[in-house]
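Heads up: the structure comes next, in structure tokens.
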Amino acid sequence: MSTTADTDAAAPGEHPPARRARPLPPRAEQVSARDRWLPIGIAVASTVVVFGGLARVITASPTWPAIRAQFFDVDEMLAALPQVWAGFLVNMRIWAVSLVLIAVAGLGVAILRSLPGPWMAPVRVAAVVYVDLLRGMPALLLVLLFGLGVPALDIPGLPSGRLFWGTTALVLGYAAYTSDVYRAGMQAVHDGQRAAAKSLGLTEWQILRHAIVPQAIRNVTPALLNLAVALQKDVALLSVIGVREAVREAQIYTSRTFNFSSMVTATLLFLLATVPLARFTDRVARRDQERRLQRTR
Amino acid sequence: MSAATVPKLRVDDVTKYYGSTLVLDGVDLDVADHEVVCLIGASGSGKSTLLRCVNRLEPFDHGRIMLDGVSVDDPSFGRTGLCRRVAIVFQAFNLFPHKTVLDNVTLAPRRVHRRDRAEAEARAHELLERLGLDGLAAKYPEQLSGGQQQRVAVVRALATDPDVLLLDEVTAALDPELVGGVLDVIRDLKAGGMTMMIVTHEMAFARDVADRVAFLDGGRIVEVGPPDRVLRDPTEPRTRAFLQRIIEAGRL
Ligand SMILES: Nc1ncnc2c1ncn2[C@@H]1O[C@H](COP(=O)(O)OP(=O)(O)OP(=O)(O)O)[C@@H](O)[C@H]1O
Ligand SMILES: [Mg+2]
Chain A
15 MSTTADTDAA
25 APGEHPPARR
35 ARPLPPRAEQ
45 VSARDRWLPI
55 GIAVASTVVV
65 FGGLARVITA
75 SPTWPAIRAQ
85 FFDVDEMLAA
95 LPQVWAGFLV
105 NMRIWAVSLV
115 LIAVAGLGVA
125 ILRSLPGPWM
135 APVRVAAVVY
145 VDLLRGMPAL
155 LLVLLFGLGV
165 PALDIPGLPS
175 GRLFWGTTAL
185 VLGYAAYTSD
195 VYRAGMQAVH
205 DGQRAAAKSL
215 GLTEWQILRH
225 AIVPQAIRNV
235 TPALLNLAVA
245 LQKDVALLSV
255 IGVREAVREA
265 QIYTSRTFNF
275 SSMVTATLLF
285 LLATVPLARF
295 TDRVARRDQE
305 RRLQRTR
Chain B
8 MSAATVPKLR
18 VDDVTKYYGS
28 TLVLDGVDLD
38 VADHEVVCLI
48 GASGSGKSTL
58 LRCVNRLEPF
68 DHGRIMLDGV
78 SVDDPSFGRT
88 GLCRRVAIVF
98 QAFNLFPHKT
108 VLDNVTLAPR
118 RVHRRDRAEA
128 EARAHELLER
138 LGLDGLAAKY
148 PEQLSGGQQQ
158 RVAVVRALAT
168 DPDVLLLDEV
178 TAALDPELVG
188 GVLDVIRDLK
198 AGGMTMMIVT
208 HEMAFARDVA
218 DRVAFLDGGR
228 IVEVGPPDRV
238 LRDPTEPRTR
248 AFLQRIIEAG
258 RL
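Residue numbers (this note's numbering), protein chains in the order written: chain A, 15 to 311; chain B, 8 to 259.
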């Protein structure tokens with residue numbers, strides 16, 4: 015490729031290092047139609063083949079018509095919608111309330127666990143025991159224990175609602191997880207931040223409040239949002255103790271009509287709520303990633 | 008420095024271990040009021056540790072450090088008295104990334120020393136302007152260049168009007184073209200009479216700004232004296248070897 019845009023007009027010896035012509039920028043890549051469309055074509059075709067094939071296999075099954083009538087009857091699905099929707103609103107309420115409680119309780123436990131000094135040893139031990147126990151227990155078991163066990167104790171002065179105790183079980187279980195996420199976020203804050211805060215004379219508590227915790231929360235926001243998505247589904251666990259949320263309502267509908275399409279209705283409602291939240295989480299995580307990259311530039 | 012006056016800062020036989028590793032080995036050093044002492048020495052010789060002992064970021068095992076004749080762990084300082092009077096600036100700036108420049112600077116005056124907001128902010132703006140940072144008060148650290156961040160860190164350290172400023176390799180993390188601005192700020196502080204202990208690898212700067220240079224090796228102060236003597240004509244073989252290495256690395 016020859017470039018003649020910059021000619022060396024200077025007389026020899028006048029400007030000693032003769033400036034070499036600058037090579038032109040690379041031309042915009044010329045993609046042939048084949049190179050552009052072939053990958054897209056392959057992607058579409060393979061997707062159609064795989065999922066179409068799967069659909070063919072399923073619908074070709076001799077029991078498919080029966081299954082379709084049992085699970086995917088659109089009329090039944092719509093008929094169940096009002097009842098399931100009412101239950102779903104209960105899910106969303108439980109979810110919203112638990113979310114706030116978990117975010118606060120988890121942070122509280124994480125902070126308790128990070129308090130220094132010998133006097134705080136019992137607090138730290140209690141926090142560790144709490145996290146280890148509650149994180150190790152299946153959420154379903156927690157819900158059963160609290161939702162059925164505690165009201166059965168019949169202790170005067172304690173609320174006895176299953177909704178209340180079921181929600182408590184979720185909050186306790188998730189707060190244990192969440193506290194560990196916060197703790198990781200706090201540990202990820204660079205030591206220099208603590209040194210700087212200490213050198214300025216901040217108390218241990220002020221160091222947490224002004225230097226460590228705000229950065230920790232920023233560090234773990236994507237992880238927390240992931241837990242929020244998981245929690246949304248786990249609210250359905252309260253159906254086992256009789257809380258009339260979406261799954262429970264769908265079951266009730268099913269037991270009346272002997273048709274499972276209401277379950278699909280519930281499934282679709284859950285997806286409707288979790289998928290956008292998951293997309294949002296991805297976006298936050300990506301922004302977080304970009305921020306970090308920029309910082310360590 | 009006359010023997011009759013109490014030095015601003017006296018480091019007296021300070022010894023410190025990390026576990027069983029000796030990091031400071033009977034360090035003696037007096038810093039007079041308005042004096043600038045530069046600490047030089049190889050990596051791991053204990054320079055940072057010494058600074059961190061002076062403002063009690065690190066505890067030490069033996070010896071005393073006195074500010075105006077009062078031991079730094081004297082109860083009369085209270086919890087925050089020493090932090091107000093001895094400030095430190097770190098190599099990595101350590102600004103709080105989630106706070107604006109102004110909030111970084113006013114955090115200690117407001118939360119630790121209970122100045123009211125207007126007063127703290129007025130003082131902050133004054134200092135920012137003096138260090139050529141006016142207009143950056145509302146920015147976040149990550150929006151600034153390294154040199155600007157380090158100058159903000161200096162402002163943050165100055166915000167409580169300390170008597171002594173400790174600087175730990177404050178230009179080491181900066182791109183070469185940003186070093187000059189920060190060093191100019193330190194020169195101005197010296198002209199204003201600030202007492203400073205400066206850890207630096209910039210020998211030319213040390214020669215220029217220091218009243219005395221102290222060479223640390225293996226946790227001991229091997230040689231201390233005026234920069235012209237210590238840097239040009241050291242008496243100790245270890246100082247000579249160190250300076251030789253620096254010259255070979257092209258940093259003198
Ligand atoms: N937190 C710590 N725990 C254990 N050892 C440490 C710790 N901090 C520093 N040391 C050790 O103490 C010695 C002195 O470290 P210091 O950071 O004071 O050196 P320095 O002179 O500042 O070095 P540099 O020029 O690399 O900053 C080194 O041997 C180091 O490994
Ligand atoms: Mg150091």
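Glycine included, every Cβ here is placed at the ideal spot set by N, Cα and C.
Per DSSP, L140 of chain B lies in no beta strand (DSSP E) and is assigned neither H nor E. Contact check between the stretch 181-200 of chain A and the stretch 81-89 of chain B: fewer than three CB pairs, one atom from each, fall below 8 Å, which does not count as touching.
Sequence-distant Cβ neighbours of E128 of chain B in its own chain, meaning closer than 8 Å and more than five residues away, are L109, T113. For S213 of chain A, the distance from the CB to the nearest heavy atom of ligand 2 is not below 6 Å.
V119 of chain B reaches chain A at L214, G215, L216, counting residues in chain order whose Cβ is nearer than 7 Å. Going by C-alpha positions, L172 of chain A is about 37 Å away from R232 of chain A.
Its Cα nearest to that of E42 of chain B, the residue B:V220 stands out among B:V220, B:Q155, B:V237. Among the residues of chain B, none has a CB under 7 Å from the CB of Q44 of chain A; the nearest is roughly 40 Å distant. Those residues placing their Cβ nearer than 5 Å to any heavy atom of ligand 1 are, following chain order, B:Y25, B:V30, B:S50, B:G51, B:S52, B:G53, B:K54, B:S55, B:T56. In this model, G257 of chain B and G154 of chain B are separated by some 22 Å (Cα to Cα). Secondary-structure assignment with DSSP links T202 of chain B through a beta bridge to B:V171. Contact of A210 of chain A with chain B by beta-carbon distance below 7 Å involves F97, N101. Taking 7 Å as the threshold, the shortest C-beta distance from Q229 of chain A to chain B falls below it. Restricting attention to A:V142, A:A230, A:A183, the CA atom closest to the CA of V111 of chain A is found in A:A183.
The stretch 66-86 of chain B and the stretch 138-149 of chain B do not touch, with fewer than three beta-carbon pairs separated by less than 8 Å.
Contact between V171 of chain B and L16 of chain B holds: CB atoms are separated by about 6 Å, below the 8 Å threshold. For D35 of chain B, the enclosing beta strand (DSSP E) starts and ends at 28-38.
Inter-residue distance for R130 of chain B and V161 of chain B is about 14 Å (C-alpha atoms, whole angstroms). M106 of chain A is not a Cβ neighbour of T279 of chain A, given a cutoff of 7 Å. Taking 7 Å as the CB threshold, Q201 of chain A stays off the interface with chain B. Linking T235 of chain A to L115 of chain A through their CA atoms gives a straight-line distance of about 16 Å. With its beta carbon at least 7 Å from every one in chain A, C60 of chain B lies outside the interface. When secondary structure is reduced to three states using DSSP, D240 of chain B falls in the coil class, being assigned neither helix nor strand.
Counting along the chain, no alpha helix (DSSP H) covers Y147 of chain B, and no H or E run does either. Distance from the CA atom of V63 of chain A to the CA atom of Y267 of chain A, rounded to whole angstroms, is 36 Å. Assignment of H204 of chain A by DSSP, reduced to helix, strand and coil, places it in the coil class.
Contact fails between the stretch 216-226 of chain A and the stretch 288-305 of chain A, because fewer than three Cβ pairs, one in each stretch, are under 8 Å apart.
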